[in-house]
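The structure appears below as structure tokens.
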Amino acid sequence: MAQVGDILQEEIRSGLMRDALPSELDLARRFQVSRPTIRDALEILRKAGLIESSRGQNHRIVPQKVSAEVQSETRGVTVLGFAPLDELSPFSLSLMSQIQLAAGSKYEVRIVSNSNITTPAALRELTSREKQRCWVLIGPPADVLQWFEASRLPCLALAPSIRSSVVPVLAMDMQSVMMHSFSLAKQRGYSGPYLLIPANRQTSETARFFGEVQQKYPQRDSAIFSHDTTMNGVRRAVEKIMRSKRGDEQPPLILVVRPKHALMTLSVLRAQDLKPGAHYGLISIGRENYIDYVIPTMACYTIKKQRLFKKFLRMLSEILDSGYTRPGLFSVIADFYEGETFPRLGGQ
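What the sequence shown shows, in my numbering, is residues 840 to 1187, in sequence order.
Structure below.
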């Protein structure tokens, strides 16, 4: 209950929620808790003077007054996530925690995470409320990064290989990942690779790097397949790949952007009683803790957390202490972890 109340308070005070709260049923579904728990959290907000109720249980948000002194104050760091806190990956939550530990002794660190902060209006509302020494963007969509570029606000991003001439962006080195995956497919006797990517990332640097490496291997049958990020969307894309390779001697190597989509892909393949090596190879780009517990174990590209965090926090410290930012894409080489989803074929 306290966690639900804290998240809602932060969203109201940061301006992410205005006018009225969603219904109790919608809130219960979002936080996956009971409606009585939601009512208890709403009572906390009511006592804090953040909401008031009218007939029909319409929980109206009381307008929050922000003094000119607070607006002009340079407070510290705001970390932005682009999904509700309860939907963020363990990796993102770990990075937020590391930022709080590293910068919290000298600067105030605020965390704002919500899917509603991706529009220009929401970003203007959020950034106009206070001046920060740095805005930290964790996994921003391309249009959000472009908005920060245009606004010239001091920021640092952890993003999926998005180039920027203004904002420093730390990302996995996707070019080396793509080159390695093509080489691995050839060495181990697979066709492909076939990149499975969300439809909204088809124009990303990840897709561009795949296309560049694809041109270096014109003799290989490789392609990009997009999906809408839902389970049904992933299933349709995977089935399309498997249909296109039916009857081939070489099983397809499927390279999946994002661990959760790799897990969906594995679920689809297992539901069809398909076996790694005999029918497919599967590699996840990225790794989360839960990936280590799936059966068969997942092959993946990943960056060791501590190595990535150390570099990211060093860049953040540079911005906070000197105000200086070095724009551009800063790539970190990924490690390849063997897994049962991508075995060698024929004793290779």
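Even for Gly, the Cβ is constructed at its ideal location relative to N, Cα and C.
When Cβ pairs closer than 8 Å are counted between the two stretches, the segment 1119 to 1128 is seen not to touch the segment 1052 to 1066, the count staying below three. Counting C-beta pairs closer than 8 Å gives fewer than three between the segment 999 to 1016 and the segment 1064 to 1073, which falls short of the contact rule. The segment 1015 to 1027 makes no contact with the segment 988 to 996; the number of CB pairs closer than 8 Å stays below 3. Runs of the alpha helix (DSSP H) lying entirely within the segment 1063 to 1093, each at least 4 residues long, are 1070 to 1083 in chain order.
By the criterion of a C-beta distance shorter than 7 Å, P929 is surrounded in its chain by E1127 and N1128, once the five residues flanking it on both sides are discounted. P1135 and A1110 have their alpha carbons spaced roughly 13 Å apart.
Contact check for L884 and I877: beta-carbon distance about 11 Å, past the 8 Å limit, so the pair fails to qualify.
Taken through DSSP and simplified to helix, strand or coil, H1019 comes out as helix. Counting only residues of its own chain and dropping the five nearest sequence neighbours on each side, L1094 has a CB closer than 6 Å to the CB of S1020, P1032, L1034 and I1122. With distances taken between CA atoms, V983 lies nearest to T957 out of T957, D845 and G1178. Relative to Q1014, the option among F1181, P1182 and L1168 whose CA is nearest is L1168. V1016 and K1143 have their C-alpha atoms some 15 Å from each other. From the listed residues M1018, M1070 and S1030, the smallest Cα separation to A1046 is found for M1018. Shown here, F987 sits in a helix according to DSSP, grouped into three states. A Cβ-Cβ distance of about 17 Å is found for the pair R1146 and P1007, leaving them out of contact under the 8 Å criterion.
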